[in-house]
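Visitor:
Residue numbers (this note's numbering): 46 to 212.
1) Under a three-way DSSP split, which group does residue 185 fall into?
2) So the alpha helix (DSSP H) residue 150 belongs to, where does it begin and stop?
3) Expressed to the nearest angstrom, what Euclidean distance is found between the alpha-carbon atoms of residue 122 and residue 144?
4) Mind reading off the beta-carbon distance from residue 154 to residue 141? Whole number of angstroms is fine, and I expect it under 8 Å.
5) Consult DSSP for residue 174 and reduce its assignment to one of helix, strand or coil.
6) Using only the alpha-carbon positions, how far apart do residue 162 and residue 171 sit?
7) For residue 111, which residues in the same chain have their Cβ closer than 6 Å to its Cβ, ignoring the five residues on either side in sequence?
8) In whole angstroms, give me the CA-to-CA distance for residue 201 and residue 146.
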């Protein structure tokens, strides 16, 4: 199995220190890493039977070319390490990844996220003070409109299904 020691050796990062505050995420990542499997079966990061108990990671096996499975595992560890380097930063949840030369796509994605979350509308509402009474009324209206829209959508879907059934 690809244990925490192997992950730390491949990426230079420790999962324990990164996720000490969020144990659910650490458990999920540990399960994911262990489900990828490894031919050696050592969780301590050592590579062979000669390295057991030494703690240095000395390799007793003759060096071989990495198999396709090992290369995929190493690539996964590299990608995971890159993703974890951004976790917990100030820009977490506030940034959109930009592929090489894909600034227009990234800008469109950012605009879509802002529109879905009603960020611009919330900003315009916060420009002026809203009395609690009017805020409650507005929130009640919005929640009712949202529920009504969901019910209309469900009814339209049901009618379309009935149309496809031939009714």
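All C-beta atoms in this analysis are idealised placements derived from N, C-alpha and C, irrespective of residue type, glycine included.
Guide: A quick look at the data gives this:
1) helix
2) 148-161
3) CA-to-CA, the gap between residue 122 and residue 144 works out to about 20 Å.
4) Sure, about 5 Å apart at Cβ, within 8 Å.
5) coil
6) 15 Å
7) none
8) 41 Å
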